[in-house]
Structure formats: structure tokens, C-alpha cells
Amino acid sequence: MPSAEARPVVLDRREGPFGEVVLRERGDDFEIIANGCFLMDTSDGRSERLLIDAALAALPAGRRDPALLIGGLGVGFSLVRAAADPRWGRIAVVEREPAVVDWHLEGPLGRISAAALADPRTAILREDLVEHLRTTTERYDALCLDIDNGPDWTVTEGNEGLYSPAGLAACRARLTPGGVLAVWSAQPSAAFGEALRNAGFRAVRAEEVAVARGVPDVVHLALRGH
7 MPSAEARPVV
17 LDRREGPFGE
27 VVLRERGDDF
37 EIIANGCFLM
47 DTSDGRSERL
57 LIDAALAALP
67 AGRRDPALLI
77 GGLGVGFSLV
87 RAAADPRWGR
97 IAVVEREPAV
107 VDWHLEGPLG
117 RISAAALADP
127 RTAILREDLV
137 EHLRTTTERY
147 DALCLDIDNG
157 PDWTVTEGNE
167 GLYSPAGLAA
177 CRARLTPGGV
187 LAVWSAQPSA
197 AFGEALRNAG
207 FRAVRAEEVA
217 VARGVPDVVH
227 LALRGH
């Protein structure tokens, strides 16, 4: 969570296709706020990096140049982690908020992500994640999704479809055999684990990252069978 010591300074405020998005600076950190809801900041990126590392570790041994889809650009921590690892093949990042992409390509968040965005493996897809999963014919070895505060706390109503049986079926369809689905959450969700099993995923588990106050951040992991 953001530090309470420094007062936030608004760097940009826009009306996007899904409501208001705000970029704030608090001391040395940046924060993204959507429709008045705190989404993320740059104070601690451990769980965003775990999202990438845990997915790679869960892939079958010997898989060469696995293709990765990151759902949500955010402050860029997950993309930076992926681009820093030469084992990944192509890296697609789906981001529906034009302001967030601008803050990285032309704004202050570029100091975090510039090198990763310039990586030839990286492609930014300016689309809604739920729609992309439903319509694309691309296949990925790993889906690393971080577009909400978790399956039980979505940013917009439309995102609820991602965690529904139809949404999880779309995720499964986009994965190669043995592929990994990794979903970030601000709190554990036993119900989501059960939903993953009901959707046909196997090896369902969760990895936790302790935070200073409150419940731990969680990465839910599941594998598509062969």
C-alpha cells in the first residue's frame, strides 16, 4: 500500500474508456488510481515479479522460448521482470487504458519500463483483455494476469467475466498444452481456486507474498492439461 508519509501529487488525470484514471507521485513512488480506487504503486513490486517468475517455473522442463501474455501493463514491474529474463520468447502486453500506455511511452513511468518496451520481443496490444482472450487465435505458454485487485475485487464490472466459467474457458483455450495461468490477487481466494479446478485446470495452487499490513498478496497458479 502507498506510504502515508508523503502527500500525493497528481501528475495526470484523464477520462478513459472505462472511467477516470489518475497518475500520482508520492515521494519517490508513483501510484495509479482508477475511478477513485487505488490499483497499484511502485513501492513494492515483489508480487508482480513473482507473477512472472512463478509462471516460468511452473512450465514443463525444456520448453524453449515460451510465449507470454501479460494482462495489464500497470506500473511495468511484470513486463520489466519478463524482459530481463532471456528464457522468454515473445512477450505480449494487453493494456486497454490509453493513458497507462502513454505514461510509459511518453511519461514518467518510462523510467521504469523503457528498456523492456524497447526489447524486440515486446509488443503492446491496446485492447481489453477479456475481449482479446475471447477473440484472438494466438496461443501462449503462459498467461500472467493482473488487471484487478483480484478475482473478488474487480476494477470494472466487465472484468468479472474474466473469472467466470466462460472467461476461464477462454484462458484455457488460449494456452498451449501444459501452459500456465497465473493470476495476481490482493488477497487469497479459495473460491477462485475451486473455479479454476471446475474449469479443467490442474495443479491449482497459490503463492503468497507477505505485506507490511493486512492479508498477503497472492499469485494463483494453474496448469492446462495436455
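Start counting at 1 in the sequence shown, then tack on 6, and there's your number in my numbering. No residue lacks a Cβ here, since even glycine has one placed at the ideal position from N, Cα and C.
Span separating the alpha-carbon of residue i from that of residue j
i: residue 7; j: residue 47; result: Unreliable positioning characterises residue 7 in this predicted model, as indicated by a pLDDT of 47, which lies under 50. A coordinate reading is not provided.
i: residue 212; j: residue 226; result: 4 Å
i: residue 79; j: residue 154; result: 12 Å
i: residue 214; j: residue 17; result: 32 Å
i: residue 230; j: residue 203; result: 10 Å
i: residue 13; j: residue 44; result: 15 Å
i: residue 113; j: residue 126; result: 21 Å
i: residue 174; j: residue 166; result: 11 Å
i: residue 217; j: residue 224; result: 10 Å
i: residue 222; j: residue 118; result: 24 Å
i: residue 26; j: residue 164; result: 16 Å
i: residue 219; j: residue 142; result: 39 Å
i: residue 66; j: residue 58; result: 15 Å
i: residue 20; j: residue 31; result: 15 Å
i: residue 232; j: residue 184; result: 6 Å
i: residue 37; j: residue 29; result: 6 Å
Span of the beta strand (DSSP E), counted from its first residue to its last, around residue i
i: residue 190; result: 181-191
i: residue 226; result: 223-229
i: residue 128; result: 128-131
When the options are compared against residue i, the one with the closest alpha-carbon
i: residue 120; options: 143, 142, 87; result: 87
i: residue 41; options: 22, 123, 202; result: 22
i: residue 210; options: 222, 194, 221, 217; result: 194
i: residue 135; options: 34, 27, 75, 91; result: 75
i: residue 51; options: 65, 35, 64; result: 35
i: residue 60; options: 232, 188, 199, 223; result: 188
i: residue 157; options: 175, 201, 179; result: 201
i: residue 159; options: 15, 197, 90, 73; result: 197
i: residue 73; options: 82, 93, 67; result: 93
i: residue 122; options: 91, 108, 145, 147; result: 91
i: residue 190; options: 184, 183, 199; result: 199
i: residue 172; options: 33, 184, 205, 103; result: 205
i: residue 77; options: 97, 170, 207; result: 97
i: residue 24; options: 37, 103, 95, 53; result: 103
i: residue 70; options: 178, 146, 168; result: 146
Residue i, enclosing alpha helix (DSSP H) - first and last residue
i: residue 54; result: 52-64
i: residue 106; result: 104-111
i: residue 199; result: 196-204
i: residue 70; result: From DSSP, residue 70 is part of no alpha helix (DSSP H); its letter is neither H nor E.
i: residue 118; result: 116-124
Distance cut-off 7 Å: residue i Cβ against heavy atoms of the ligand HEM
i: residue 12; result: Ligands are entirely absent from the displayed structure, and the ligand HEM is therefore not among its contents.
Rounded Cβ spacing between residue i and residue j (contact assumed at less than 8 Å)
i: residue 101; j: residue 55; result: Not quite, the Cβ-Cβ distance comes to about 18 Å (not below 8 Å), so this is no contact.
i: residue 152; j: residue 84; result: 6 Å
i: residue 128; j: residue 106; result: No, residue 128 and residue 106 are not in contact; Cβ-Cβ is about 15 Å, not under 8 Å.
i: residue 139; j: residue 181; result: Not a contact, Cβ separation roughly 10 Å.
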